[in-house]
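A.B. asks: Take the sequence shown: its position 714, counted from the start at 1, is 966 in the working numbering, and no numbers get skipped. Can you read through this structure? Questions will come right after.
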Amino acid sequence: MSLNNNNSNNYESDNDEDEDEDEENLLFKDFQSIERRGNKKINYNNNNNNNSNNNNNNNNNNNNNNNNNNNNNNNKNNDIKNIKNNKITNKNNYNNKNFISKLSIINNNKFKKIKNIILQKKNFKNLIIIILSLFFILFLFYIIITFSINNKIYNYTNNKIINNKNDIINQYCINFLNNNNNNNNNNKGEGEEKKEEEEDDDDEKCSFDLNSPDYSCTPISKNRVINFNYSSNYEERVVNWNKPIVSVIVPFLNTDPQQFNECMESILIRQSFKLIEVILIDDGSTNDKSIKSYREWLKREPIRFRVIVNPFNLGLPHSRNIGVYNSRGDYIFFFDSDDILEPTALEKMVWKLNTSSHIQFTKGYLVGFGHTQYIWLKGFEQADKFLIENQVTISIMYKRSMFGNKLQINQSFQVDDYSYGGSDGDGEYFHYPKELLEFQYDSNIRDGMEDWDFHLKCASAGYWGETIPEILEWYRRKDKKTMEKNWKNTLTSKREKFLNDLKLKYSKLYNIGGGGGGNDNQYKSFPNPIRNENEDSFKINFNFIGGSSGGSGGSCNEIKNPLIKKSSTPRILLILPWLNTGGADKFNLNLCKQLVEKGWEITIVTTIESDNKWLSRFQLYTPDIFLFNEKFLPYSSYPSFINYLIDSRNIDVLFISNSEFGYYLLPFIKSNKYNKDNLIIVDYNHMEEEYWRNGGHPRQSIGMSQFIDLHLVSSNHLKNWMLAKSNQIIDENKILVTYINVDMDEFKKSESSRHEIRKSYDITDKEIVILYAARLTNQKKPLEACEIIKELKESLLNDFENQNQNQNQNQNQNQNQNQNQNQNQNQLFKVLFVGDGYLKSKVELYVKQNGLSDVIKLLGDVPTQDMKSIISACDIVFLPSQFEGVSMIFYESMSIGLVPVGSNVGGQSELVTSDCGFLVDITDIGGGNDIDPLEFTNKFVQVLKQLIKNPKKIASMASKCKKRIKSKFQLHKMGGDMISNFCNTIKKKNNQQPQQQQKQLQQQQTLQLNDGGLFNQEFLIQAIEYLKLTNQFEKKKNDFNQLYSLQSELANLKREIKKLELKQK
253 MSLNNNNSNN YESDNDEDED EDEENLLFKD FQSIERRGNK KINYNNNNNN
303 NSNNNNNNNN NNNNNNNNNN NNNNNKNNDI KNIKNNKITN KNNYNNKNFI
353 SKLSIINNNK FKKIKNIILQ KKNFKNLIII ILSLFFILFL FYIIITFSIN
403 NKIYNYTNNK IINNKNDIIN QYCINFLNNN NNNNNNNKGE GEEKKEEEED
453 DDDEKCSFDL NSPDYSCTPI SKNRVINFNY SSNYEERVVN WNKPIVSVIV
503 PFLNTDPQQF NECMESILIR QSFKLIEVIL IDDGSTNDKS IKSYREWLKR
553 EPIRFRVIVN PFNLGLPHSR NIGVYNSRGD YIFFFDSDDI LEPTALEKMV
603 WKLNTSSHIQ FTKGYLVGFG HTQYIWLKGF EQADKFLIEN QVTISIMYKR
653 SMFGNKLQIN QSFQVDDYSY GGSDGDGEYF HYPKELLEFQ YDSNIRDGME
703 DWDFHLKCAS AGYWGETIPE ILEWYRRKDK KTMEKNWKNT LTSKREKFLN
753 DLKLKYSKLY NIGGGGGGND NQYKSFPNPI RNENEDSFKI NFNFIGGSSG
803 GSGGSCNEIK NPLIKKSSTP RILLILPWLN TGGADKFNLN LCKQLVEKGW
853 EITIVTTIES DNKWLSRFQL YTPDIFLFNE KFLPYSSYPS FINYLIDSRN
903 IDVLFISNSE FGYYLLPFIK SNKYNKDNLI IVDYNHMEEE YWRNGGHPRQ
953 SIGMSQFIDL HLVSSNHLKN WMLAKSNQII DENKILVTYI NVDMDEFKKS
1003 ESSRHEIRKS YDITDKEIVI LYAARLTNQK KPLEACEIIK ELKESLLNDF
1053 ENQNQNQNQN QNQNQNQNQN QNQNQNQLFK VLFVGDGYLK SKVELYVKQN
1103 GLSDVIKLLG DVPTQDMKSI ISACDIVFLP SQFEGVSMIF YESMSIGLVP
1153 VGSNVGGQSE LVTSDCGFLV DITDIGGGND IDPLEFTNKF VQVLKQLIKN
1203 PKKIASMASK CKKRIKSKFQ LHKMGGDMIS NFCNTIKKKN NQQPQQQQKQ
1253 LQQQQTLQLN DGGLFNQEFL IQAIEYLKLT NQFEKKKNDF NQLYSLQSEL
1303 ANLKREIKKL ELKQK
């Protein structure tokens, strides 16, 4: 029974016109219309009509005396209507005699009044016609004048309209630029002042990290970050709220009100996808508080929340079938009434199914919470495991088409009206039969595990799904006693019988193929859906949801999911490669922090498949994150997905950094018909890479400059490189320098951490500690760093021996011994080696083979929250990179007071000056080629040795490092500069002259080539094919590297075994 169904069962009689309509009937018709205007309740109650009819039948001659009765007037109206139509309606139980008798009621005076009204009405109509005609003439005149006006005026008017649409971002920028100018002379920026006030609140923020899970940080926890406004306007006509895309089916039986409210909060309030309906099936609840809880949601969500009440308890599977039977969505999502969803769960599942013709359902990974806590990273990919035990929960999204058509229901199942009492109104409910759909749950399984049975039923019918490799669901666990009480099939004895029944019921799935009893052919009949790569290659769809043909038969190709902005909140879409450990990634994280502090809402999309170790850190600033994974969306669906996000989030700024695919998408985004007029596109580059694609991402940026409104770079060096590489075609004012900077409050020296870290690695207070922290890749030269450390150690030992010999000649033995101890303390050093990457095994082998374990401490991949403690324990930061932008580890280390030693590449010299650090030239003068490896090593050895021998110089330079960071490179300045650049670009775009706007419009039309953008589409298809091949190559290379690493380990083991054998002999 739908509690929010307010539709009336009243209706009007048929109104068929006679061809030969006489004057009297016309009068009756006008009389009827007059009566309608006088009586708004033309749809009157059938019971009153029936009572009036009974009175008419009992005393037909006394009808003329009952004119004071309103119901009698209504009967006149119906009689006149039926006479006019020569038709008797069974619903009002009139007969021909009653109709004829009513004619005498209407006297001549009333006919005269009616005629007067008609005449007045005709005069009024004539007046209206004259007025409308004049208005139409004026309108035509206006159109002619408008089209004769110069194009400049048209463009100017159009520009004003566009500006009105952009009031939010424009007003924000006006306020921000004014405030930013006022704060230019202050030591602290806008975000810096807020941060101190909200420091305590920031400490309470939480996100769920797979490596260190906090099970109290549920999606509806008060500490979970909600920095995105997921709300929509249900009054908008841009979407059809009566035709939801997803039907969420929630069976309900005396659920705890608090747990139910948490469930509904996660679905109806905090979900990013709004075009849904929630169908709650009350399966015989008796708890008043539980019933009250869903009634409150009925009042709160009258459009998207529906309730069906079973006359008595029919069981969980039957309730789900009832929900599907009453659903209106193209997708069905089953959910328990006490579980919780992650904010983007439904949106991701909708996109997954819309772009996957080869599967029928999908779900994500889950977190178990409550009585038992765990992380469950299994899904449909372990298909054969379903024959032994259920691998997933019920929280699955299905294509509605899988359930087939509705079956006919015998009307005898309808039950009388059931009143909820109070002010909640009345409703109807049905005693639904067990068979409702062509494909449905087994209603006879009422003691649990009905979902396991349904999964095998799907597999037997050839239906199967795929798992989105993200945490999307929180599954509330009860204690074992409660579980066994409510679901008897979970008992060991019952479970064995249930499993045997499944084997008989789905024998095809359990059979061993070939009849030989071997295991090679076992489970061959189990579905193994594979995406058709050739199909996807040709499915670059310009609609919001494209890709391969979805299960909804194309009915969802243009989904609208408009999310309302707050009154003063701009939105930005970040297209990034991944969310991993690294300097560029730390910049992205800092940018998110600054934007959120300054009032922005952030959406993040990644474009490379990765483990995304920093996901939880980015979730501290936004929940609106979409990670690339081929198990989520293939590359062929990404163009449509990006455009969908731009439209649904009403994005103001599109920001690309280090994403190859992001650049390939730009022509498609710029020429797409759904692109917003006010969208500005900005990219950020850290460094050129001459050894990759003729310059790396900055080279891509130059090539795509016509689609980009603003280029931001990390240094003046990179700006000059881009200008030179583009042959000065790009206006230098279009390339702006914004340094990445550092948060000095985050990276402050901690004496306690320094002592603790040094103690844990047996490092004395007087020893000099060198920090190497980077990805272990060729760019960062970790093997060369180890070689430099080896030579440094040998050089210091040689110097120590030489000093020892000189002192023996000039001093007696006692003095010499004391001096030796002092020199030994001054010349000792250690290296903390931090990082991970494909060269890790080679680094470990080098350290071991060269006897460097006493000097180099390999820490591996250190959690980011521990890095400031590691830096505090050190004195020098050392990074001999082949190429850099401006190293993030230099910013962070200099903020704490470490002296930087690195390669003089990229924009390093713009941060590290001669009074606070050392940069070594690693190219020969003039030629630009790398210097000899031996010379490379010697240069760094000399610089490091000079510092180690002079601790006072380290202390002096450390102080200057902190002063330099504080005066020029604080994080809040980066945030202010970044947003100022955004706003100035928007301002410039809004202030363009009509001629410039017309030129841009012509350029956009040229991009489309009058063929719907087929050129851009073809470009994108080829780019996607290239990326697919690149990914395949990378996977093969990783497999090869792993194999090579295993072979190296095997060879080492064999050598160790031989050594042991020789010792034994």
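Cβ coordinates follow ideal geometry from the N, Cα and C atoms, glycine included.
(1) Quick one: using the 10 Å Cβ neighbour count with 16 as the cut-off for buried, is residue 634 buried or exposed?
(2) Contact between the segment 523-534 and the segment 552-566: three or more CB pairs below 8 Å?
(3) In the DSSP assignment, find the alpha helix (DSSP H) that holds residue 744 and state where it starts and stops.
(4) Cβ atoms of residue 1188 and residue 1153: under 8 Å apart, would you say?
(5) Between residue 1211 and the rest of its own chain, which residues show a CB-CB distance below 8 Å, the 5 nearest in sequence each way excluded?
(6) Express the C-alpha separation of residue 1186 and residue 1032 in angstroms, rounding to a whole number.
(7) Output the distance between the C-alpha atoms of residue 1049 and residue 1081, rounded to the nearest integer angstrom.
(8) Can you give the Cα-Cα distance for residue 420 and residue 1239, rounded to whole angstroms?
(9) For residue 945, count neighbouring C-beta atoms within 10 Å of its own C-beta (all shown protein chains included) and say buried if the count is 16 or more, exposed if not.
(10) DSSP on residue 859, reduced to helix/strand/coil?
(11) Who are residue 718's beta bridge partners in DSSP?
(12) Inspect the beta-carbon positions of residue 614 and residue 889 and report whether they are closer than 8 Å.
(13) What residues are listed by DSSP as bridge partners for residue 1025?
(14) So, are the CB atoms of residue 856 and residue 848 less than 8 Å apart?
(15) Can the beta-carbon of residue 504 be found less than 8 Å from the beta-carbon of residue 546?
(16) Out of 988, 1159, 1055, which has the shortest C-alpha to C-alpha gap to residue 1236?
(17) Pair every Cβ in the segment 835-846 with every Cβ in the segment 911-926, then say whether three or more of these pairs are closer than 8 Å.
(18) Which residues in the same chain have their Cβ closer than 6 Å to the Cβ of residue 601, if we skip the five residues on either side of it in sequence?
(19) Under the three-state reduction of DSSP, which class applies to residue 1242: helix, strand or coil?
(20) On the premise that residue 701 lies in contact with residue 750, defined as a C-beta separation below 8 Å, what is that separation, rounded to the nearest angstrom?
(21) Measure the alpha-carbon distance for residue 457 versus residue 887 and round it to whole angstroms.
(22) Would you list the one or two residues that DSSP bridges to residue 823?
(23) Excluding the 5 residues flanking residue 589 on each side, which residues of the same chain have their C-beta closer than 6 Å to its C-beta?
(24) Under 8 Å between the Cβ atoms of residue 655 and residue 576?
(25) Curious, which full-length alpha helix (DSSP H) runs of at least 4 residues does the segment 1136-1220 contain?
(26) Assign residue 683 to buried or exposed, taking buried as 16 or more other Cβ atoms, counted over all protein chains shown, within 10 Å of its Cβ.
(27) Is the distance from the Cβ of residue 908 to the Cβ of residue 1138 below 8 Å?
(28) Name the DSSP beta bridge partners of residue 458, please?
(29) Take residue 1164 and list the residues in its own chain whose beta-carbon comes closer than 6 Å to its own, dropping the five residues that flank it on each side.
(30) Output yes or no for whether 8 Å exceeds the beta carbon distance between residue 459 and residue 868.
(31) From residue 824 to residue 905, what does the alpha carbon distance come to, in whole angstroms?
(32) Considering only DSSP beta bridges, list what residue 620 is partnered with.
(33) Please classify residue 468 as buried or exposed, where buried requires at least 16 other C-beta atoms within 10 Å of its C-beta.
(34) Once you ignore the five residues that flank residue 610 on each side, which residues in its own chain have a CB closer than 7 Å to its CB?
(35) Which two residues bound the contiguous beta strand (DSSP E) that contains residue 557?
(36) Once you ignore the five residues that flank residue 1102 on each side, which residues in its own chain have a CB closer than 6 Å to its CB?
C.D. replies: In this structure, then:
(1) By 1-based counting over the sequence shown, the position of residue 634 is 382. Around the beta carbon of residue 634, fewer than 16 other beta carbons lie within 10 angstroms, which makes this residue exposed.
(2) In short, these stretches touch, since the Cβ pair count reaches three.
(3) For the purposes of this step, residue 744 is taken as the residue at position 492 of the sequence shown. Looking at the DSSP string, the run of the alpha helix (DSSP H) that includes residue 744 is 744-757.
(4) Along the sequence shown, read from residue 1 onward, the residue named residue 1153 stands at position 901. Along the sequence shown, read from residue 1 onward, the residue named residue 1188 stands at position 936. In this structure, residue 1153 sits away from residue 1188, with a CB-CB distance that is not shorter than 8 Å.
(5) As a position in the sequence shown, residue 1211 is number 959, starting the count at 1. Hits under 8 Å: 1149.
(6) As a first step, residue 1032 must be located in the sequence shown, where it is residue number 780. As a first step, residue 1186 must be located in the sequence shown, where it is residue number 934. Between residue 1032 and residue 1186, the alpha-carbon positions lie close to 17 Å from each other.
(7) For the purposes of this step, residue 1049 is taken as the residue at position 797 of the sequence shown. For the purposes of this step, residue 1081 is taken as the residue at position 829 of the sequence shown. C-alpha separation (whole angstroms): 11 Å.
(8) Taking the first residue of the sequence shown as position 1, residue 420 is located at position 168. Taking the first residue of the sequence shown as position 1, residue 1239 is located at position 987. Their Cα atoms are separated by approximately 13 Å.
(9) If you number the sequence shown from 1, residue 945 lands on position 693. Under this definition residue 945 is an exposed residue.
(10) Translated into the one-based positions of the sequence shown, residue 859 becomes position 607. Taken through DSSP and simplified to helix, strand or coil, residue 859 comes out as coil.
(11) Reading the sequence shown from its first residue, position 466 is the one you call residue 718. According to DSSP, residue 718 bridges with 614.
(12) Counting from one through the sequence shown, the residue named residue 614 turns up at place 362. Counting from one through the sequence shown, the residue named residue 889 turns up at place 637. Taking 8 Å as the cut-off, the beta carbon of residue 614 is found no closer than this to the beta carbon of residue 889.
(13) Working through the sequence shown from its first residue, we reach residue 1025 at position 773. Residue 1025 is bridged by DSSP to 1086.
(14) Here residue 856 is taken as the residue at index 604 of the sequence shown, counted from 1. Here residue 848 is taken as the residue at index 596 of the sequence shown, counted from 1. With respect to the 8 Å criterion, residue 856 and residue 848 are not classified as neighbours on the basis of their beta carbons.
(15) Counted from its first residue, the sequence shown places residue 504 at position 252. Counted from its first residue, the sequence shown places residue 546 at position 294. With contacts defined as CB atoms closer than 8 Å, residue 504 and residue 546 qualify as a contacting pair.
(16) The count along the sequence shown starts at 1 and reaches residue 1236 at position 984. The shortest Cα separation from residue 1236 among 988, 1159, 1055 belongs to 988.
(17) Taking a contact to require three or more Cβ pairs closer than 8 Å, the segment 835-846 and the segment 911-926 do not qualify as touching.
(18) Taking the sequence shown and counting its residues from 1, the one referred to as residue 601 is at position 349. Closer than 6 Å at the Cβ level, and outside the excluded window around residue 601, lie 614, 649.
(19) The count along the sequence shown starts at 1 and reaches residue 1242 at position 990. Residue state, collapsed to three classes: helix.
(20) Numbered from 1 along the sequence shown, position 498 holds the residue referred to as residue 750. Numbered from 1 along the sequence shown, position 449 holds the residue referred to as residue 701. Indeed, because the Cβ distance is near 6 Å, the residues count as touching under 8 Å.
(21) Here the question's residue 457 lines up with position 205 in the sequence shown. Here the question's residue 887 lines up with position 635 in the sequence shown. Residue 457 and residue 887: Cα-Cα distance of roughly 34 Å.
(22) Position 571 of the sequence shown holds residue 823. Residue pairing by DSSP places residue 823 opposite 853 in a beta bridge.
(23) On the sequence shown, residue 589 is found 337 positions in, with the first residue counted as 1. Excluding positions up to five away in sequence, the list reads 502, 504, 507, 512, 515.
(24) Here residue 655 refers to the residue found at position 403 when the sequence shown is read from its first residue. Here residue 576 refers to the residue found at position 324 when the sequence shown is read from its first residue. Taking 8 Å as the Cβ cut-off, residue 655 and residue 576 qualify as a contacting pair.
(25) Counting only runs of 4 or more, we get 1140-1148, 1185-1200, 1203-1220.
(26) Looking up residue 683 in the sequence shown gives position 431. By the neighbour-count definition (other C-beta atoms within 10 Å, threshold 16), residue 683 is an exposed residue.
(27) For the purposes of this step, residue 908 is taken as the residue at position 656 of the sequence shown. For the purposes of this step, residue 1138 is taken as the residue at position 886 of the sequence shown. Going by C-beta atoms, residue 908 is not nearer than 8 Å to residue 1138.
(28) As a first step, residue 458 is located in the sequence shown; it is residue number 206 there, counting from the start. Looking at the DSSP assignment, residue 458 forms a beta bridge with 476.
(29) Translated into positions along the sequence shown, residue 1164 becomes position 912. The residues are 1152, 1171.
(30) Along the sequence shown, read from residue 1 onward, the residue named residue 459 stands at position 207. Along the sequence shown, read from residue 1 onward, the residue named residue 868 stands at position 616. The answer is yes: Cβ separation under 8 Å.
(31) As a working note, residue 824 is residue 572 in the sequence shown. As a working note, residue 905 is residue 653 in the sequence shown. Computed Cα separation, rounded: 5 Å.
(32) The residue labelled residue 620 in the question sits at position 368 within the sequence shown. Note: residue 620 sits in a beta bridge opposite 626, 727.
(33) If you number the sequence shown from 1, residue 468 lands on position 216. Exposed, because fewer than 16 other Cβ atoms sit within 10 Å of the Cβ of residue 468.
(34) As a working mapping, residue 610 is identified with position 358 in the sequence shown. In chain order, 781, 782, 783, 784 place their CB closer than 7 Å to the CB of residue 610, counting only its own chain and leaving out the 5 sequence neighbours on each side.
(35) Taking the first residue of the sequence shown as position 1, residue 557 is located at position 305. Its beta strand (DSSP E) spans residues 557-561.
(36) To locate residue 1102, count along the sequence shown from 1; it is residue 850. Only 1042 meet the Cβ criterion.
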